[in-house]
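Residue numbers (our numbering): 418 to 577. Don't be surprised by glycine CBs; every beta carbon is placed ideally from N, CA and C. As the structure is a computational prediction, the values presented were derived from the model and not from experiment. The next block holds one structure in the form of structure tokens; read it before the comments.
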């Protein structure tokens, strides 16, 4: 699928899973690719797999852990330092030798930046800063999303 135009992939999706194609915008390359990957891996359309889900009618409580933005950012900085100290660059180098780096899993925060270090396009500090910034942005989007959910019981771990 790598390198194929989105319009071509959408036509293929329309052929193998017209239900999913009707729900997905023709320019949504990510969802089109994902639906085709599921079809290739499972041998069944993603729309059929999604319709077969059995709803679980169980009581549950949603709990969120609240921390200050400063604490979240401090923990992100620490975590970025820890992943590099634990051999993240070596892990990415090994993964690049074994897998096609155009796969969606490698779009996760950090992989492109680590690859850029290995390719000499970024230095380690630049990559570290970019990963921390992207992670902070992601954390902010998560907080915005979850704050809207009134079902979540928030526990304040901020120490305020």
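In this structure, the alpha-carbon of residue 548 lies about 24 Å from that of residue 481. According to the DSSP secondary-structure assignment, residue 480 is paired through a beta bridge with 570. In the three-state reduction of the DSSP assignment, residue 470 falls in the coil class, being assigned neither a helical nor a strand state.
Residue 464 and residue 537 have their C-alpha atoms spaced approximately 42 Å apart. Remark: C-beta atoms of residue 437 and residue 452 approach each other more closely than 8 Å.
When the five nearest sequence neighbours on each side are left out, the beta carbons in the same chain lying within less than 7 Å of the beta carbon of residue 494 are those of 549, in order along the chain. Note that the stretch 499-514 does not touch the stretch 481-491; fewer than 3 beta-carbon pairs, one per stretch, sit closer than 8 Å. By the CB criterion at 8 Å, residue 552 and residue 509 fall outside the cutoff. Within the stretch 516-546, complete beta strand (DSSP E) segments of at least 3 residues are not found at all.
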